[in-house]
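One structure is given here, and the rest of the page talks about it.
There are 2 protein chains.
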Amino acid sequence: MPKPPVQEPNFARMVPSGDNMERDVCVTCGFIDYVNPKIVVGSVVRWEEKILLCKRAIEPRKGYWTLPAGYLELHETAEHGAAREAQEEALADIEIERLLAVYSIPRISQIQLMFRARLKRPEIGAGPESEAVALYDWDDIPWPELAFPSVNWALRHYEETKDRTDFPPFSNPADGL
Amino acid sequence: MPKPPVQEPNFARMVPSGDNMERDVCVTCGFIDYVNPKIVVGSVVRWEEKILLCKRAIEPRKGYWTLPAGYLELHETAEHGAAREAQEEALADIEIERLLAVYSIPRISQIQLMFRARLKRPEIGAGPESEAVALYDWDDIPWPELAFPSVNWALRHYEETKDRTDFPPFSNPADGL
Numbered sequence: 001m002p003k004p005p006v007q008e009p010n011f012a013r014m015v016p017s018g019d020n021m022e023r024d025v026c027v028t029c030g031f032i033d034y035v036n037p038k039i040v041v042g043s044v045v046r047w048e049e050k051i052l053l054c055k056r057a058i059e060p061r062k063g064y065w066t067l068p069a070g071y072l073e074l075h076e077t078a079e080h081g082a083a084r085e086a087q088e089e090a091l092a093d094i095e096i097e098r099l100l101a102v103y104s105i106p107r108i109s110q111i112q113l114m115f116r117a118r119l120k121r122p123e124i125g126a127g128p129e130s131e132a133v134a135l136y137d138w139d140d141i142p143w144p145e146l147a148f149p150s151v152n153w154a155l156r157h158y159e160e161t162k163d164r165t166d167f168p169p170f171s172n173p174a175d176g177l
Numbered sequence: 178m179p180k181p182p183v184q185e186p187n188f189a190r191m192v193p194s195g196d197n198m199e200r201d202v203c204v205t206c207g208f209i210d211y212v213n214p215k216i217v218v219g220s221v222v223r224w225e226e227k228i229l230l231c232k233r234a235i236e237p238r239k240g241y242w243t244l245p246a247g248y249l250e251l252h253e254t255a256e257h258g259a260a261r262e263a264q265e266e267a268l269a270d271i272e273i274e275r276l277l278a279v280y281s282i283p284r285i286s287q288i289q290l291m292f293r294a295r296l297k298r299p300e301i302g303a304g305p306e307s308e309a310v311a312l313y314d315w316d317d318i319p320w321p322e323l324a325f326p327s328v329n330w331a332l333r334h335y336e337e338t339k340d341r342t343d344f345p346p347f348s349n350p351a352d353g354l
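In the order they appear, the protein sequences are chains A and B. Counting in my numbering, the first sequence runs from 1 upward without gaps. Counting in my numbering, the second sequence runs from 178 upward without gaps.
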């Protein structure tokens, strides 16, 4: 296995030939860094009436509570990615039930696909990216300590539809763009 | 505006320090190319009972018919991206109605968000990536000349729900993974 080189790329903003937008181009090697929006997959996971939350062990928002979620990897389906994130962050074995919401976060170029899911068994534990994990009753959710606005949105959209099996997924709330 | 350099990056597969997966690393400049799945946004667009299709002027599948769709750009919402693609490929001014389907295409690391939409006015035309555009009656759709399986899926999912306003979005059909 070759060892990574120690030098750093030297990017400048320019329009590559045949393109019509500025990109980061490395002036050392000519690499054009085409950056695309990223896909986050996650889930609101229930066990009986409780909801799984993870306390973040990493930045951003270290120490705040979040839903199990993360970047979709290459060659994954969205559902598989959401189940993998629950396994990695909360050692949770989940069954994806249905799509809850598709949020667009254009400021940071993210599309978030949030599913409703259930724990197959109640054993959970903190993965490397979590300081702690817990099953919260709705009334005990630490609202002021949630990591991101979309965690709040997904929890509220979950609560609104938790007894329904047939509903269109939500997009951003009206005040959430 | 600086001019792009003429040299080419020289990638080798290696595991960057602090990572646990092989990536393409440029041995000239040290750049690590983190590749992520891509998001395609598109729509099934109707005008009265007809459906908008575009004949592709570019590879892959040049000469075959597709729905207006393409890669989401940075800092776009999914809905805005789908409307932009309809404008670019079919000079079509559309109103997004609702999410029709979320397809995962893990072989090529794509997530496709397909919307149902309507033309605001019937004027359409071929954009630079289209040889032709047309409004097809359902019975005249050129099924053997559709560009991609997911075009077929989206049309069938559209037909199944075109008279409904409240339905969960589809994912891949059972035979489509």
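Cβ coordinates follow ideal geometry from the N, Cα and C atoms, glycine included. Source: prediction; values computed, not measured.
Just checking, does the stretch 244 to 255 of chain B make contact with the stretch 213 to 226 of chain B on the three C-beta pairs under 8 angstroms criterion?
Taking 8 angstroms as the limit for Cβ pairs, the verdict is that the stretch 213 to 226 of chain B does touch the stretch 244 to 255 of chain B.
Is any beta-carbon of chain A found at less than 8 angstroms from that of Gly240 of chain B?
For the purposes of this step, residue 240 of chain B is taken as the residue at position 63 of the second sequence. Not a single CB atom of chain A sits nearer than 8 angstroms to the CB of Gly240 of chain B.
Under three-state DSSP, which class holds Glu265 of chain B? Translated into the one-based positions of the second sequence, residue 265 of chain B becomes position 88. Of the three classes helix, strand and coil, the one that applies to Glu265 of chain B here is helix, per DSSP.
*Along the stretch 337 to 354 of chain B, what residues have a CB closer than 9 angstroms to any CB found in chain A?*
So the close ones are Thr342, Asp343, Phe344, Pro345, Pro346, Ser348, Asn349, Leu354.
Mind listing the chain A neighbours of Gln184 of chain B? Cutoff is C-beta to C-beta under 7 angstroms, in chain order.
Counting from one through the second sequence, the residue named residue 184 of chain B turns up at place 7. By Cβ distance, chain A contributes Cys29, Gly30.
Counting contacts by CB-CB distance shorter than 8 angstroms, is Cys203 of chain B in contact with chain A? What you label residue 203 of chain B is simply residue 26 of the second sequence in a count that begins at 1. It does: the Cβ of Cys203 of chain B has a partner Cβ on chain A nearer than 8 angstroms.
Rounded to a whole number of angstroms, what is the C-alpha to C-alpha distance between Ala117 of chain A and Ala126 of chain A?
As a working mapping, residue 117 of chain A is identified with position 117 in the first sequence. As a working mapping, residue 126 of chain A is identified with position 126 in the first sequence. Cα to Cα, Ala117 of chain A sits roughly 18 angstroms from Ala126 of chain A.
Anticipated Cβ contact below 8 angstroms, Leu312 of chain B with Trp224 of chain B, distance rounded:
As a first step, residue 312 of chain B is located in the second sequence; it is residue number 135 there, counting from the start. As a first step, residue 224 of chain B is located in the second sequence; it is residue number 47 there, counting from the start. Yes, Leu312 of chain B and Trp224 of chain B are in contact; Cβ-Cβ is about 5 angstroms, under 8 angstroms.
request  = Going by DSSP, name the residue or residues bridged to Met191 of chain B.
outcome  = Within the second sequence, numbered from 1, the residue matching residue 191 of chain B stands at position 14. B:Arg200.
Quiz item: Shorter than 8 angstroms from the beta carbon of Leu74 of chain A to some beta carbon of chain B?
Solution: Translated into positions along the first sequence, residue 74 of chain A becomes position 74. Leu74 of chain A counts as touching chain B.
Q. Beta-carbon separation of Ile271 of chain B and Leu290 of chain B under 8 angstroms?
A. As a working mapping, residue 271 of chain B is identified with position 94 in the second sequence. As a working mapping, residue 290 of chain B is identified with position 113 in the second sequence. Leu290 of chain B sits away from Ile271 of chain B, with the two beta carbons spaced by 8 angstroms or more.
*Is any beta-carbon of chain E found at less than 8 angstroms from that of Ala255 of chain B?*
In the structure shown, chain E does not exist; the protein chains are A and B.
- Item | Sequence-distant residues of the same chain with beta carbon closer than 8 angstroms to Val279 of chain B, five excluded per side | Looking up residue 279 of chain B in the second sequence gives position 102. Contacts found: Ile288, Gln289, Leu290, Met291, Pro346, Phe347, Ser348.
Counting only runs of 4+ residues fully inside the stretch 26 to 104 of chain A, write out the alpha helix (DSSP H) ranges in chain order. Runs found: 78 to 90.
Could you name the residues of chain B that Leu155 of chain A contacts, counting a contact when the two beta carbons are closer than 9 angstroms? By 1-based counting over the first sequence, the position of residue 155 of chain A is 155. Near Leu155 of chain A there are no residues of chain B at all, since even the closest Cβ is about 19 angstroms away, more than 9 angstroms.
_I want to see whether chain A comes within less than 8 angstroms of Asn187 of chain B, judged by CB atoms only; does it?_
To locate residue 187 of chain B, count along the second sequence from 1; it is residue 10. Yes, because at least one Cβ of chain A sits closer than 8 angstroms to the Cβ of Asn187 of chain B.
| Which partner residues does Arg293 of chain B have in the DSSP bridge list? | For the purposes of this step, residue 293 of chain B is identified with residue 116 of the second sequence, where counting begins at 1. Beta-bridge pairing links Arg293 of chain B to B:Val221, B:Arg275.
- Query: Does any C-beta atom of chain B lie closer than 8 angstroms to the C-beta of Ile124 of chain A?
  - Reply: Start at 1 with the first residue of the first sequence, and residue 124 of chain A comes out as number 124. Taking Cβ atoms only, chain B never reaches closer than 8 angstroms to Ile124 of chain A, which makes this a no.
Exercise for the section: Give the DSSP-derived three-state secondary structure of Ile301 of chain B in the structure shown. Expected result: Indexing the second sequence from 1 puts residue 301 of chain B at position 124. If DSSP states are grouped into helix, strand and coil, Ile301 of chain B belongs with coil.
Just the C-alpha distance for Ser104 of chain A and Ala78 of chain A, rounded to the nearest angstrom, thanks.
-> Here residue 104 of chain A is taken as the residue at index 104 of the first sequence, counted from 1. Here residue 78 of chain A is taken as the residue at index 78 of the first sequence, counted from 1. Distance between the alpha carbons of Ser104 of chain A and Ala78 of chain A: 15 angstroms.
- Message: Within 8 angstroms, do at least three Cβ pairs link the stretch 336 to 346 of chain B to the stretch 151 to 167 of chain A?
- Response: The stretch 151 to 167 of chain A is in contact with the stretch 336 to 346 of chain B.
Subject >> Any chain B beta carbon closer than 8 angstroms to Asn152 of chain A >> reply: By one-based count along the first sequence, residue 152 of chain A stands at place 152. For Asn152 of chain A, the answer is no, since every Cβ of chain B falls outside 8 angstroms of its Cβ.
* Asked: Buried or exposed: Gly258 of chain B, going by 16 or more other Cβ atoms within 10 Å of its Cβ?
  -> What you label residue 258 of chain B is simply residue 81 of the second sequence in a count that begins at 1. So Gly258 of chain B counts as buried.
Going by alpha carbons, who is nearest to Val192 of chain B out of B:Pro186, B:Leu230, B:Arg200? Translated into the one-based positions of the second sequence, residue 192 of chain B becomes position 15. When each option's Cα is compared against that of Val192 of chain B, the closest is B:Arg200.
query: Buried or exposed: Ser150 of chain A, going by 16 or more other Cβ atoms within 10 Å of its Cβ?
result: Residue mapping note: residue 150 of chain A aligns to position 150 of the first sequence, counting from 1. Around the beta carbon of Ser150 of chain A, 16 or more other beta carbons lie within 10 angstroms, which makes this residue buried.
For Tyr71 of chain A, return the contacting residues in chain B, with the cut-off set at a CB-CB distance below 9 angstroms. Residue 71 of chain A sits at position 71 when you count from the first residue of the first sequence. The contacting residues are Asn213, Pro214.
Distance between beta carbons of Gly30 of chain A and Gln184 of chain B, contact taken as under 8 angstroms: Stepping through the second sequence from its first residue, residue 184 of chain B is reached at position 7. Stepping through the first sequence from its first residue, residue 30 of chain A is reached at position 30. Rounded, the Cβ-Cβ distance is 4 angstroms, consistent with contact.
query = Does any residue of chain A bring its CB to less than 8 angstroms from the CB of Ile235 of chain B?
reply = Position 58 of the second sequence, counting from 1, holds the residue named residue 235 of chain B. Using a CB distance cut-off of 8 angstroms, Ile235 of chain B does not count as an interface residue toward chain A.
Give me the DSSP bridge partner(s) of Leu287 of chain B.
Counting from 1 along the second sequence, the entry for residue 287 of chain B is found at position 110. One point to set straight first is that residue 287 of chain B is Gln, not Leu, in the sequence displayed. B:Lys215, B:Ile282.
query = Given Glu97 of chain A, which residues of its chain have a CB within under 8 angstroms of its CB, disregarding the five upstream and five downstream residues?
reply = Here residue 97 of chain A is taken as the residue at index 97 of the first sequence, counted from 1. Excluding five sequence positions before and after Glu97 of chain A, the CB atoms of its chain that fall closer than 8 angstroms to its own CB belong to Phe115, Arg116, Ala117, Arg118, given in chain order.
- Task: Please decide whether Pro283 of chain B counts as near chain A, where near means a Cβ-Cβ distance under 8 angstroms.
- Result: To locate residue 283 of chain B, count along the second sequence from 1; it is residue 106. True, the Cβ-Cβ gap to chain A drops below 8 angstroms.
Reduced DSSP secondary structure (H/G/I, E/B, other) of Val145 of chain A | For the purposes of this step, residue 145 of chain A is taken as the residue at position 145 of the first sequence. Going by the sequence as given, residue 145 of chain A is Glu instead of Val. Three-state DSSP puts Glu145 of chain A in a helix.
Subject >> Cut-off 7 angstroms between Cβ atoms - residues of its own chain near Cys203 of chain B, not counting five sequence neighbours on either side >> reply: Translated into the one-based positions of the second sequence, residue 203 of chain B becomes position 26. Excluding sequence neighbours, Cys203 of chain B sits near Pro186, Asn187, Phe188.
- Query: Identify the residues that DSSP records as bridge partners of Phe170 of chain A: which are they?
  - Reply: In the first sequence, counting from the first residue as 1, residue 170 of chain A sits at position 170. Bridge partners of Phe170 of chain A: A:Ala101.
Q: Spell out whether any CB of chain B is found under 8 angstroms from the CB atom of Val102 of chain A.
A: Taking the first residue of the first sequence as position 1, residue 102 of chain A is located at position 102. So yes, Val102 of chain A belongs to the interface.
**C-alpha gap between Thr188 of chain A and Leu155 of chain A, whole angstroms** = Here chain A has residues from 1 to 177 only, and residue 188 of chain A is not among them.
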